[in-house]
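Chains as they are written, first to last, in the numbering used here: chain G, 44 to 386; chain X, 44 to 386. Have a look at the structure below before the remarks.
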């Protein structure tokens, strides 16, 4: 019989019968049913209709046999009630048409009451919890202040984040004001998710790894620290970013019960540097899921070996599952994690 | 009086009066005169006309007071004689219209004789050397096998390198064949540059940092090792990549007298891990040059402090100088490096 709390016990760094596993973007584009829904509804409609968001959240659970669900939403949703016009263009990802890049523009950004202004997320959480009946836990999430700030300033995705850094360097007080406003929104948003029923939360600081350690310390660390400090106690927190081999100690200082890493560092090496008083999540390269079950199994084993069966490892990819990933390869990955980690 | 061999002596890890400095892409888009030339000539014409390539190479030398010149060329030039059609589209960067992605396509790629098939590069090198009269050394360069392979397979630049990884994983023998062919071309190309007069060479493995340590070891390391092994002895070699905090030890194993790093790791930390029997190059974030001379000076000092005045540090950016960089900020950076490092 499946232990229903295996993910939460791993978050507390308790011994578990096997290593729990879930995938970032497991309820997304790589699923046939999701793509079918997307042909019928625009992306933001899926996010803002609780029945649909709940349905998408639940899509992968039975089929993939993952040990946690994650609420279907987009990290940019909280920006709209702040006064930012968000559009999802086909193929190009998010576009922000009024990117605030000056102090008066940043000052105009509004604080939000997440329960009132993002009620659809909370309703979707309640619906999913009811449906899951505690079989597996539900994870809530938010973008971290830096990652949200970078989308806002760049007006969308970016490769080199030059506008973001230029603002940081040229007008540090405007930067910190923006980060404070975003931190408050994120705290309100995550605490509302916790009140609505999520049993763990992940802070996605996906792009923080483009900063030097000194810049991270000056421009990001105090804000992430505040976010973790002001989250409701009692649910485990996961602090995720990519390309953070140079930032691990600072990420730990910023907070989180579990640090999420990508594949660009050996998991054993990363955990040793972090210390075993925090858990670790990761770290398969999503591109490996484009290969074969045989190669996937080999890579899963290498990661499990690096974790050495220590309590507190949650298996995941190092970033979101790629849209072109064959479903059977994801199933093979989850099966391999469960089988090869069984104590 | 300026010591004309300060860069080369730092490459040998000898004590120098101050830390030498040059910038990746110092002969490029951030210079007004370069942009004026580009309005008159297409990019590939600049590369393939020795007089123009030599002129561009020399543009920044007097003005910026850098301690080394680097030949103006593009890392993709050696692909053309291999049989790959290269185009530089306005604003979008390089496009390859016949990307070889299967074994027969890879088999058809030709070996090259760099002296005969890239004579314009060699001629430009000879012209620059004559002009410099040994005042400062000239650096030659090439893309590394992995970075060239990724451009070839993706058909241009990429963000996630999924096609490249998919080929690696699904058809390792085709991958290794491509890497062998590229390695041979690179060895021929760099040795021809050395014969033409460059006094140091840099291998740009710009994108290797997107790989996991295990994948780097399996798919890249043996090829880079071969390249460094088969380069003509006697000129210092710089091995550069970005985002390599998780790969430093493996990069050192691959070769190079100096390891070039980006800003995403503390330089002192990186050098300690590498060991002081290799030199280190880096590592200012190019975006810092968009700020003010005051901030630039602070960051320069932090990097010099991290290097602790050990012999073998070459100051550079962590990646190419950004096109929108004000020239006076680059001058301020070079001046700060020279002044603050003077022993």
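By construction, the Cβ of each residue, glycine as well, lies at the ideal position given by its N, Cα and C atoms. Predicted, not measured: the structure shown is a model, and the values here were computed from it.
Those residues which DSSP pairs with residue i across a bridge
i             : result
residue 302/X : 282/X and 323/X
residue 136/X : 132/X
residue 185/X : 246/X
residue 356/G : 323/G
residue 113/G : 182/G
residue 199/X : 138/X
residue 373/G : DSSP output for residue 373/G lists no bridge partner at all.
residue 64/X  : 358/X
Check whether residue i and residue j have beta carbons under 8 Å apart
i             : j             : result
residue 190/G : residue 247/G : yes
residue 114/G : residue 100/G : yes
residue 350/G : residue 310/G : yes
residue 66/X  : residue 364/X : yes
residue 204/G : residue 139/G : no
residue 182/X : residue 112/X : yes
residue 237/X : residue 270/X : no
residue 195/G : residue 124/G : no
residue 192/G : residue 221/G : yes
residue 331/X : residue 379/X : no
residue 165/G : residue 239/G : yes
residue 377/G : residue 107/G : yes
residue 103/X : residue 70/X  : yes
residue 369/X : residue 72/X  : no
residue 223/G : residue 207/G : no
Beta-carbon contacts of residue i that lie in its chain and below 7 Å, excluding the five residues immediately before and after
i             : result
residue 371/X : none
residue 227/G : 154
residue 242/G : 51, 180, 181 and 278
residue 294/G : 282, 284, 287 and 302
residue 84/G  : 95
residue 126/G : 151, 152 and 153
residue 292/X : 316
residue 87/G  : 131
residue 68/X  : 363 and 364
residue 225/X : 188, 191 and 192
Rounded separation between residue i and residue j - CA only
i             : j             : result
residue 151/X : residue 209/X : 21 Å
residue 361/X : residue 161/X : 28 Å
residue 145/G : residue 156/G : 24 Å
residue 45/X  : residue 265/X : In this prediction, residue 45/X scores a pLDDT of 49, lower than 50, which makes its location untrustworthy; the coordinate-derived value is nonetheless stated afterwards. The alpha-carbon atoms of residue 45/X and residue 265/X are separated by roughly 40 Å.
residue 308/X : residue 316/X : 11 Å
residue 340/G : residue 289/X : 22 Å
residue 202/X : residue 77/X  : 27 Å
residue 319/G : residue 272/G : 21 Å
residue 250/X : residue 212/G : 26 Å
residue 148/G : residue 215/G : 15 Å
residue 82/X  : residue 257/X : 45 Å
residue 345/G : residue 219/G : 41 Å
residue 159/X : residue 314/X : 39 Å
residue 304/X : residue 91/G  : 44 Å
residue 93/G  : residue 163/G : 5 Å
Close beta carbons around residue i, own chain, < 6 Å, minus the five adjacent residues each side
i             : result
residue 97/G  : 167, 170 and 171
residue 59/X  : 49, 52 and 53
residue 384/G : 61, 62 and 347
residue 56/G  : 322, 354 and 355
residue 306/X : 326, 328 and 361
Spatial neighbours of residue i in its chain, beta-carbon cut-off 8 Å, leaving aside the 5 residues before and after
i             : result
residue 136/X : 199 and 200
residue 268/G : 296, 297 and 298
residue 274/X : 230, 233, 234, 237, 244 and 280
residue 64/G  : 109, 110, 357, 358, 359, 376, 377, 380 and 381
residue 374/X : 106, 107 and 108
residue 174/X : 97 and 101
Exercise for the section: Kindly confirm or deny that the stretch 173-192 of chain X and the stretch 127-139 of chain X touch, where touching means at least three C-beta pairs closer than 8 Å. Expected result: no
Practice task
Report yes or no: do the stretch 259-274 of chain X and the stretch 335-342 of chain G share at least 3 C-beta pairs separated by less than 8 Å?
Solution key: no
Exercise for the section: Please determine if the stretch 269-281 of chain X and the stretch 290-300 of chain X are in contact, where contact requires at least 3 C-beta pairs separated by less than 8 Å. Expected result: yes
Practice task
Determine contact between the stretch 305-324 of chain G and the stretch 343-359 of chain G, defined as no fewer than three beta-carbon pairs at a distance below 8 Å.
Solution key: yes
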